[in-house]
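S.K.: Using our numbering, you'd call the opening residue of the sequence shown number 4 and step up by one each time.
This is the structure I want to talk about, given as structure tokens.
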Amino acid sequence: MKKRIIALTLSTCSSLQLYGIDSLPWFSEVYSSRTSIGFNYYYFNKISGSLKDCSYPSNNYLSFIGTGFTPNQDWDVDFDLELVRTPRQNYSFRSSAIQGRYRLLNDINADPISLVVGVNIRGVGSKSVKDVSSPYASYCNFEGTLSLGKEYAYNDSWIVRWSALGALGVANQGYPWCRCEALVEGNCDYNYRLGVYSLGYFGLRGRDYVDVHHFTGWGKVLHQSVDVGAFFRYKFERWGGLKLAYTFRVYALNYPEWQQSATLVYDLPFSMF
Numbered sequence: 004m005k006k007r008i009i010a011l012t013l014s015t016c017s018s019l020q021l022y023g024i025d026s027l028p029w030f031s032e033v034y035s036s037r038t039s040i041g042f043n044y045y046y047f048n049k050i051s052g053s054l055k056d057c058s059y060p061s062n063n064y065l066s067f068i069g070t071g072f073t074p075n076q077d078w079d080v081d082f083d084l085e086l087v088r089t090p091r092q093n094y095s096f097r098s099s100a101i102q103g104r105y106r107l108l109n110d111i112n113a114d115p116i117s118l119v120v121g122v123n124i125r126g127v128g129s130k131s132v133k134d135v136s137s138p139y140a141s142y143c144n145f146e147g148t149l150s151l152g153k154e155y156a157y158n159d160s161w162i163v164r165w166s167a168l169g170a171l172g173v174a175n176q177g178y179p180w181c182r183c184e185a186l187v188e189g190n191c192d193y194n195y196r197l198g199v200y201s202l203g204y205f206g207l208r209g210r211d212y213v214d215v216h217h218f219t220g221w222g223k224v225l226h227q228s229v230d231v232g233a234f235f236r237y238k239f240e241r242w243g244g245l246k247l248a249y250t251f252r253v254y255a256l257n258y259p260e261w262q263q264s265a266t267l268v269y270d271l272p273f274s275m276f
């Protein structure tokens, strides 16, 4: 059993980690750290609910780095930093976040599911708050999260697993929002992994239009969006893994429509023992 737990925890670098901080309900091995470096290109040409512009083409380039540490079997900490280039700002600081999570249940340790609660705080640059390409509500954003999931294993490795996340957030100005994520993935081979996912982001109150020329964050807009995506991850023998993901927006209200994005992430776990 101990051998199986170590094998599983070493493979749980977040498969849905399209940006810096982790969202899966499984932690890395105790006293281990992880680093991820990624690049994301996303494009949209229209904003639903825009007051003036029917067409608003936007090519955006995001770079991010994240790092995390698991100090014991029940706690996990993450940090991230984002840099962005959009039509409205040159390559500059977009945001940075810190996250702490606590595990209530662990399905790898005979619980029926894994269940994790957490909080994160994200600071956003002033240019990005005023940029419709940035998804954040305002300058200082707080979220409480709950994630759950289950792995189905054979011998020393999981074969299929699913997870879901719900988050409720509030910023220093504007109205609250909620986020949700759902993921199903399969371990095709020790080195290959495939997954599909869905992402939802919903403002709970605010204006029912978007003023792109006097924009001050999504916290003041009653927005809605649903994205779907798929990813492929290749795990190197000793040097982490490389992941390629594609995401497409299938629904948007008062938010960028039909957005497409491609993400490339390299992650490297490191264990002290």
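Each residue gets a CB set at the ideal place from its N, CA and C atoms; glycine is no exception.
Give a yes or no on contact between the segment 96–109 and the segment 125–132, applying the rule of three or more CB pairs nearer than 8 Å.
M.R.: yes
S.K.: Could you tell me the boundaries of the alpha helix (DSSP H) in which Val132 lies?
M.R.: Ser129 to Val132
S.K.: Which runs of the beta strand (DSSP E), 3 residues or longer, sit entirely within the segment 31–118?
M.R.: 35–47, 61–75, 78–89 and 92–108
S.K.: Assign Lys223 to buried or exposed, taking buried as 16 or more other Cβ atoms, counted over all protein chains shown, within 10 Å of its Cβ.
M.R.: buried
S.K.: Three-state secondary structure (DSSP) at Val213?
M.R.: Looking at Val213 - three-state DSSP - the assignment turns out to be strand.
S.K.: Does the Cβ of Ile162 have 16 or more other Cβ atoms within 10 Å, making it buried, or fewer, making it exposed?
M.R.: exposed
S.K.: Are three or more beta carbon pairs between the segment 225–242 and the segment 252–262 nearer than 8 Å?
M.R.: yes
S.K.: Do the segment 107–123 and the segment 85–95 make contact, defined as three or more Cβ pairs closer than 8 Å?
M.R.: no
S.K.: Does the Cβ of Pro272 have 16 or more other Cβ atoms within 10 Å, making it buried, or fewer, making it exposed?
M.R.: Counting Cβ neighbours within 10 Å, Pro272 comes out buried, since at least 16 surround it.
S.K.: Buried or exposed for Val268, going by 16 or more other Cβ atoms inside 10 Å?
M.R.: buried
S.K.: Is the number of C-beta pairs between the segment 55–66 and the segment 36–44 that are closer than 8 Å three or more?
M.R.: yes
S.K.: DSSP three-state label for Gly232, please.
M.R.: strand
S.K.: Leaving out five residues before and five after Arg7 in sequence, what residues of the same chain have Cβ atoms less than 6 Å from its Cβ?
M.R.: With a pLDDT of 39 at Arg7, under the threshold of 50, the modelled position of that residue is not reliable, and the figure given next carries that caveat. Around Arg7: Asp159.
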